[in-house]
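The next block holds one structure in the form of structure tokens; read it before the comments.
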Amino acid sequence: MTTTITSAKNLMYARKSVRKYKEGVTIPQEVLHQLIEDAISAPSSSNMQPWRFLVIQDQDVKNELLPIANNQQQVATCSALIAVLGDLEMYERSEEIYQANVELGAMPQDVADMMIANSRKLYSSLPQDVLKSIISFDAGLVSMQLMLLAKEMGYDTVTMGGFNKVQFAQYFNLPANEIPIVLIALGEAEIPAHSTSRLALEKITRFI
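When we follow the UniProt record's numbering, the leftmost residue of the sequence shown carries the number 1, and every step to the right adds one.
Here it is, written out as structure tokens:
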């Protein structure tokens, strides 16, 4: 237990936001597959797993995304740009999700049936702004896991929320139920990332 905690802590502090990447570095496809496969072990509301991923490796496409991403150069120079999207209709897959839990022996059929019905009823009735908030929170969880796992694999990352989400959705002709949330640049750092300060614990925490 101690070893796991220490390793996770070291990894957490080792991860820095990198904005300058070595150009021409290719990340093997199987590595990208494994990275996302491991990252989606993240928790999500009602296990709805609302995240969807668009992995952009084509250099011409990355270049064309520059103005959409406020000309942040890491968009073009990174090895892969991972767009984390949120599915507003994630509850439509509730049966697939909960039936898989039954097959795994994680829950009995009657509980799965109840969860399927409740998830569809709840999430389909939520106002869109509430649904977007839930999805964005879940996307944040999976994004952080993805960045930590990438660091463990020897790759650096930076997450970007500052891009034109409307133009991004139009560029890729995303379906109406899929909304872009963050972009994650992935690659090998050209120069070492620098550390950044944090507010003192007593300024941000209250113990009651």
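Each residue gets a CB set at the ideal place from its N, CA and C atoms; glycine is no exception.
Residue i lies in the beta strand (DSSP E); which residues open and close that run?
i: E30; result: No beta strand (DSSP E) contains E30, which is instead part of the alpha helix (DSSP H) from Q29 to A39.
i: D87; result: A80 to D87
By the DSSP assignment, the alpha helix (DSSP H) with residue i in it spans what residues?
i: G187; result: Unbroken run through G187 is the beta strand (DSSP E), E178 to G187; no alpha helix (DSSP H).
i: I56; result: From DSSP, I56 is part of no alpha helix (DSSP H) but of the beta strand (DSSP E) over W51 to I56.
i: V61; result: Q59 to L65
Looking at the structure shown, is residue i part of a helix, part of a strand, or coil, going by DSSP?
i: S133; result: helix
i: F168; result: helix
i: T77; result: helix
i: T3; result: Residue placement at T3 is flagged as unreliable, the pLDDT there being 47, under the threshold of 50; the coordinate-derived value follows with that caveat. Helix at T3.
i: S125; result: helix
i: V25; result: coil
i: M160; result: strand
i: S143; result: helix
I'd like to check one pair, residue j with residue i: are the Cβ atoms closer than 8 Å?
i: K22; j: E188; result: yes
i: A39; j: L149; result: yes
i: G161; j: N70; result: no
Practice prompt. Could you tell me whether the region 9–21 touches the region 148–164, where touching means 3 or more Cβ pairs closer than 8 Å?
Written response: yes
Worksheet item: Is the region 130–150 close to the region 85–102, with three or more CB pairs under 8 Å?
Response: yes
Worksheet item: Do three or more CB pairs link the region 120–139 to the region 43–60 at distances below 8 Å?
Response: yes
Practice prompt. Could you say if the region 179–186 and the region 118–136 meet the contact criterion of at least three C-beta pairs nearer than 8 Å?
Written response: yes
Worksheet item: Does the region 94–103 come close enough to the region 44–61 to have 3 or more Cβ pairs within less than 8 Å?
Response: yes
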